[in-house]
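Chains as they are written, first to last, in the numbering used here: chain B, 1 to 246; chain U, 1001 to 1246. In this text, a Cβ means the ideal position worked out from N, Cα and C, and glycines have one as well. In this text, all values refer to a predicted model and were calculated from it rather than measured experimentally.
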DNA sequence: AACCTGCCTTGATCCAGATCAACTGGAGCC
DNA sequence: GGCTCCAGTTGATCTGGATCAAGGCAGGTT
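Given below as structure tokens:
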């Protein structure tokens, strides 16, 4: 179930369409979705929307990475979510953004105008269900992250972040063995610090330490190679199998 | 909208029923819900379910308080959610619990057997929509809590927790002025520490400090009086209005 | 070339909160 | 009364990560 029943050539990995349903109804919904859909692109660093501002669409990430952040008046900021391709952005039923959304890399969104999307949601249970499932996944992920923020040491935090990114990456480019993985860190040291509740200096020091111990290797300071994924996992503090989707 | 359309006398504050919909369909759904619903009670301290175990029902809290927690092998634990009356427990679409659920006070749940509940969800968009909305609220709350865990000082954490509990309490027992509030702390110092990512000693010290400064008053060590809610809010680090539902 | 500017690293010092430890005070119980 | 639990408080000390400060290095501009 939930396999893409039709080709989704021009909507990238848009999850809204990945569902199994009566072919006729689906065709109708699909055609309707087509009429309310459009694309937006953002350059790296550009804000998508600020907390408290009107957000007149919901969207799914097609390419690129975006961050959800909160900031206190004195400038302390916490990243509360990382949106990778296929992740959903926005909140049906609320027209105002709860968090700052920023394009971390160049970003393409597949957007749906809010009103008609909500209309469709009201008439079709399948889309709502898919959305519910995705939201529940995100909630679980947020809660797992609360353990990272509240109870893990700096080293465990870094290891956890690397493990998550490596895993999400492996899902996209299948075929990498879980043993040896390589990827490009999509985040600056500062962004990592904001995600982990640390300072950028601590992030830098901990990465250096992991490098010195051979748990990670890096060329430049963005390209990461993990020679033995198990050894990295051992540093996260999680028990052997531990889930933790980003 | 979302007002209870019919009396919900014997289901407490069960949110599943609070929705507006065609009266006839609603009646049918309601009758169906009746047939799959039952109650469970737990004593304070009793586990409801452990992470990884089978959970064959979804439920909503009728009376009492429950906690969602995660634990690392070495015993570090983080509370990732607090379930108060009307909150929803369980995950349609997944039969295995992601977190430990424990009754903090004596607890009554209104349960629905999983299979038929999921069946209903598939046929009726309204229940699914209500559930989606609740899940999105929980997700927002979890993300707001990430800021507390990642970036706030011990004092700000305590103040934030007290503010949340006071607010949730005021929602239930309407009529208390926001200025002066009084309530009974439902959590031990240790539970508060687990929620806030602190040690119980630090929690105790910070509460003592707030008491010494007259920001809170306490009789015994559970009953709390907040003489000036604004002064408490000023200690949370949030900007004046700041949301933050529990 | 020389000079930014943005991102990162490394060192020295400091301090908020953890840790270890002793003690208080109320509730239940013989 | 004396006892044993808890749950909470308070004190003394330690330490992981924050803070402050000084470079390093790659890419872009003039």
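Cβ neighbours of residue 1044 of chain U within its own chain (closer than 7 Å, five residues either side excluded): 1103, 1104, 1105, 1106. C-alpha of residue 222 of chain B to C-alpha of residue 1183 of chain U: approximately 51 Å in a straight line. Beta-bridge analysis with DSSP links residue 1067 of chain U to U:1082, U:1102. Between the C-alpha atoms of residue 1188 of chain U and residue 151 of chain B there is a straight-line separation of about 18 Å. Every beta strand (DSSP E) stretch that sits fully inside the stretch 1164-1244 of chain U and reaches 3 residues is listed by chain position as 1181-1184, 1217-1219, 1223-1226. The Cβ atoms of residue 170 of chain B and residue 232 of chain B do not sit closer than 8 Å to each other. One thing to note: residue 1195 of chain U has its Cβ within 8 Å of the Cβ of residue 1161 of chain U. A distance below 6 Å between beta-carbons, with the five flanking residues on each side excluded, links residue 1097 of chain U to the following residues of its chain, in chain order: 1049, 1051, 1053, 1055.
With a contact defined as Cβ atoms closer than 8 Å, residue 85 of chain B and residue 63 of chain B qualify at about 6 Å. Check the Cα spacing between residue 1137 of chain U and each of B:68, B:238, B:124, B:94: the tightest is with B:94.
Beta-bridge annotation (DSSP): residue 47 of chain B is paired with B:102. In this chain, the beta strand (DSSP E) harbouring residue 41 of chain B covers 37-42. Listed by position along chain U, the residues whose Cβ is nearer than 7 Å to that of residue 145 of chain B are 1146. Interface criterion not met: the Cβ of residue 183 of chain B is under 8 Å from no Cβ in chain U. A distance below 6 Å between beta-carbons, with the five flanking residues on each side excluded, links residue 1041 of chain U to the following residues of its chain, in chain order: 1108. Taking 8 Å as the cut-off, the beta carbon of residue 147 of chain B is found closer than this to the beta carbon of residue 1070 of chain U.
The straight-line gap separating the alpha-carbon atoms of residue 208 of chain B and residue 214 of chain B is approximately 10 Å.
Listed by position along chain B, the residues whose Cβ is nearer than 8 Å to that of residue 1135 of chain U are 132, 135, 136, 139. As a beta-bridge residue in DSSP terms, residue 1054 of chain U pairs with U:1096. Judged by DSSP in its simplified three-state form, residue 1076 of chain U adopts coil rather than helix or strand. For residue 238 of chain B, the number of other beta carbons within 10 angstroms of its own is at least 16, and it is reported as buried. Residue environment analysis places residue 1123 of chain U among the exposed positions, since fewer than 16 neighbouring C-beta atoms fall within 10 angstroms of its C-beta. Residue 126 of chain B: member of the alpha helix (DSSP H) spanning 125-151, first to last residue. Boundaries cannot be given for residue 1091 of chain U, as no beta strand (DSSP E) includes it and DSSP labels it neither H nor E. Under the Cβ criterion of 8 Å, residue 80 of chain B is counted among the residues facing chain U. Taking CB atoms only, residue 1231 of chain U has no neighbour in chain B less than 8 Å away.
Identification of residues in the stretch 1100-1132 of chain U having a C-beta nearer than 8 Å to some C-beta of chain B yields 1121, 1122, 1123, 1124, 1125, 1128, 1129, 1131, 1132, given in sequence order. Residue pairing by DSSP places residue 1117 of chain U in no beta bridge whatsoever. Around the beta carbon of residue 1181 of chain U, a 10 Å sphere encloses 16 or more other beta carbons of the protein chains shown; the residue is thus reported as buried.
Interface annotation, residue 149 of chain B: in contact with chain U, CB-CB separation under 8 Å. Chain U places no beta carbon closer than 8 Å to that of residue 54 of chain B, leaving this residue out of the contacts. When beta bridges are read from the DSSP output, residue 60 of chain B appears opposite B:88, B:110.
With distances taken between CA atoms, residue 1038 of chain U lies nearest to U:1061 out of U:1047, U:1061, U:1046. A straight line joining the alpha-carbon of residue 1057 of chain U with that of residue 1113 of chain U spans about 5 Å. In the same chain as residue 1202 of chain U, and ignoring 5 residues on each side of it, the C-beta atoms closer than 8 Å to its own belong to 1154, 1193, in chain order.
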